[in-house]
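Taking it in order: structure first as structure tokens, then the write-up.
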Amino acid sequence: MTAVQVRAPHAAPESTPPITGPRPSNPPRRKSMVMLLCIAPFLVLIFLFSYFPLFGWVYSLYDYKPALGLSGSEFVGLQWFQMLVSSPTQLAQIGQVLLNTLAISFLGIAASVLPLGFAVMLNEVKAPWFKNAVQTLTTLPNFISWVLVYVIAFSLFSSSGLVNDVLVDSGLVTAPLKFLDSDQHVWLSMAAWSVWKTLGWGAIIYLAAISGIDQSLYESARIDGAGRFQLMRYITVPQLMPTYIVLLLLSIANLLNNGMEQYYVFQNAFNKEHLQVLDLYVYNIGMTGNSLSLATAVGMLKSLVSVALLFAVNGIAKRVRGESIV
Amino acid sequence: MTTLVTTARRGTRASRTVGDVLFTALNTAGFVLVALICAYPFYYLVINSISANDVSALGNVRLWPTGLHLANFREVFSINGLSTAAAVTIARTVIGTSATVFASAFLGFMFTQERMWGRLFWYRFTVTTMYFSAGLIPVFIVMKNLGLTNNFLVYILPLVVQPFFIILVKTYVEGLPREMQEAAEVDGANIVQVFFRIYLPSMTPILATVAIFAAVAQWNSFQDTLIYVTDQSLYTLQYLLYMFINQASSLAQAAQNADGNIGLVASAATTQTPTSIRMTVSVIVVLPIIFIYPLFQRFFVKGIMLGAVKG
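Laid out in structure tokens, this is it:
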């Protein structure tokens, strides 16, 4: 989303109606207020669900008990923020959560070259029907829920699942491997499921960009004797870089926001330590542990850091590319 | 079918070197593999859901259905709560999608109206919400105070206004000829009439994109049930599916034991096994998406490209 076009709010319409036309029955000022009234119900919804909850950040300064309400709860100042770093155990826990969050995010960033490679390679496929079939089949996982992804993971990778059945039947392993209920390679497997779900979909944007590349670049390169790989290396990939960089910067801005749904459905007693990311941690301590105020404090810090990251990334984009990305 | 994203053909007469042929073969093989990895799990769910339950329970259904057993679909709906969950899911998808599409169309259009009082401010007021969130707990407390917990409206109201869709529509409207509105206004139409009679009909492609995204999101939504709903009559299919998989073993007992009545997953003297129930419910959940999405693919590929232009 590039910067909003800057126009004076009251600027006259680009072309005024012909003078011979009938005069508007309402004075323009009133008309412009009527238009605002038309969208007012929606603005109320936005305020209620996006802006109003920001006042809830004060819960982080109280020992909030839902039964007592805010007025009945005790004001504790910065106690929750201090508590996050107070004891070594607490510090270790929040450190682990942050580590999980960053590790999974960075694996995601590392995997962001895959859709680009996918698109470049798919572009080399000549038969349109094959291209279509591949695109349709690989974008399908993007449209299912994480719950269903988990069902699939469970039917394929649980100890009685297909993969273990095949492995045991063929004598490759003696006991079923614990793909899901183990703490090993959790970051990798989470990243792998994300790749499975989003690879084909992520490639669409690059395929679109490839279709927009000026064909004369290829022609002149071919006249100069460039082969297939040279065309890919010196034209296609460099032409995709601006798109890649925008997406990369956005994913950096979202470093701390990896959502909770994926991790919620995959979490269990075995893998929780390395799978609990910030969003899931907030849910676990707030909704199941009932530390509403502590969870608010963590969530608030996360939101503030995310917004700061977004501004930083936007600033970099402005300096490097001369245009902002948000 | 036309190519989804057309790329110009090039170099068809280029010399076919050995390396070239080898590359084409490897590339094709690679894509066959990737496509299989993406598609086989869905096929696996389907063949297991229609196979004999005792065979599928042993995990022996791998390549094709064995001992056809289509009654699974009827039997699964006799599990308590499943038809309610299906009704809730369908209702939220239909109502929620309509509301989102209407709001996106209307707001997208209105934000192109330069005469609107404070247009730029209200546009930013809307779009800014894409980039921050107060966080789970404050939002939860607001929902609770508004009486939206254990309320069907929690599936609808928070999702009505979605800035990304509004940006898509606004960009689209800006590409339409301005004269349409002027002509209608000369004829005495007011802004609401201009929207409904003139602009809405010409927005179909972009609204189809918004509709499919909104519908898929509604259909797949799991988190809002998890956070805001404890009332079983408001459970959605996704939530039920999650419970089914987490209660796999107790579920088997419940389904096989006609008297077993543990909460949702009750009764029905059937031959159901945990595997057959999971697979069948999964297929019920995923089938609409598998059928509808190829039809709409053209639209949302265009939609995401339009989004990409702005993004």
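If you read the protein sequences in the order shown, they are chains A and B.
For what it's worth, my numbering labels the leading residue of the first sequence as 1, then goes sequentially.
For what it's worth, my numbering labels the leading residue of the second sequence as 1001, then goes sequentially.
We treat Cβ as the ideally placed atom computed from N, Cα and C, and that holds for glycine.
Burial is judged here by how many other beta carbons sit within 10 angstroms of a residue's own beta carbon; H185 (chain A) has fewer than 16 and is exposed.
Nearest CB-CB separation between K126 (chain A) and chain B: below the 9 Å threshold. With a threshold of 9 Å between beta carbons, A269 (chain A) makes no contact with chain B. Think of a sphere of 9 Å around the beta carbon of M287 (chain A): the chain B residues whose beta carbon falls inside it are L1136, I1137, F1140, L1226, I1227, in chain order. With contacts defined as CB atoms closer than 9 Å, L167 (chain A) and V173 (chain A) qualify as a contacting pair. When beta bridges are read from the DSSP output, D63 (chain A) appears opposite A:E74. When A:S303, A:Q82, A:M83, A:Y64 are compared, the shortest CA-CA separation from E74 (chain A) is found for A:Y64.
A direct Cα-to-Cα measurement between N1150 (chain B) and D1231 (chain B) gives close to 6 Å. When the five nearest sequence neighbours on each side are left out, the beta carbons in the same chain lying within less than 8 Å of the beta carbon of N284 (chain A) are those of Q276, in order along the chain. Scanning the stretch 1021-1106 of chain B from its first residue to its last, the whole alpha helix (DSSP H) runs of 4-plus residues come out as 1053-1057, 1072-1077.
With a beta-carbon spacing of about 37 Å, T1028 (chain B) and Q1218 (chain B) fall beyond the 8 Å limit used to define contacts. Legend: CB atoms of the stretch 50-80 of chain A lying less than 7 Å from CB atoms of chain B belong to residues S50, F52, P53, L54, G56, W57, Y59.
Three or more Cβ pairs drawn from the stretch 32-50 of chain A and the stretch 1121-1131 of chain B lie within less than 8 Å of each other, which places the two stretches in contact. Counting C-beta atoms within 10 angstroms of its own C-beta, R1278 (chain B) has 16 or more neighbours from the protein chains shown and is therefore classed as buried.
Listed in chain order, the positions of the stretch 1110-1128 of chain B with a beta carbon within less than 9 Å of a beta carbon of chain A are M1110, F1111, Q1113, E1114, R1115, M1116, W1117, G1118, R1119, L1120, F1121, W1122, Y1123, R1124, F1125, T1126, V1127, T1128. Only those residues of the stretch 1078-1104 of chain B whose C-beta falls short of 8 Å from the nearest C-beta of chain A are listed: A1103. It is roughly 8 Å from the alpha-carbon of G200 (chain A) to the alpha-carbon of F118 (chain A). The three-state reading of DSSP puts H274 (chain A) in helix, counting H, G and I together. The three-state reading of DSSP puts D181 (chain A) in coil, since its state is none of H, G, I, E or B.
The alpha-carbon separation between V1021 (chain B) and W129 (chain A) amounts to approximately 19 Å.
The Cβ neighbour count for E261 (chain A), taken over all protein chains shown within 10 Å, is at least 16; the residue is labelled buried. Proximity to L1026 (chain B) across A:L107, A:M121, A:A67 peaks at A:M121, based on C-alpha coordinates. In the structure shown, the three-state DSSP call for A226 (chain A) is coil. Close partners of S160 (chain A) in chain B (Cβ separation under 7 Å): G1059. Taking 9 Å as the cut-off, the Cβ atoms of I1198 (chain B) and Q1181 (chain B) count as close. I1206 (chain B) and V1061 (chain B) have their C-alpha atoms roughly 42 Å apart. Ranked by Cα distance from L310 (chain A), the options A:V326, A:S160, A:D224, A:S155 are led by A:V326. Q230 (chain A) is not a Cβ neighbour of I213 (chain A), given a cutoff of 9 Å.
Put simply, the CB of I144 (chain A) is near chain B, with a gap under 9 Å to one of its CB atoms. Residue contact with chain A for G1030 (chain B): present (Cβ-Cβ distance below 9 Å to some residue of chain A).
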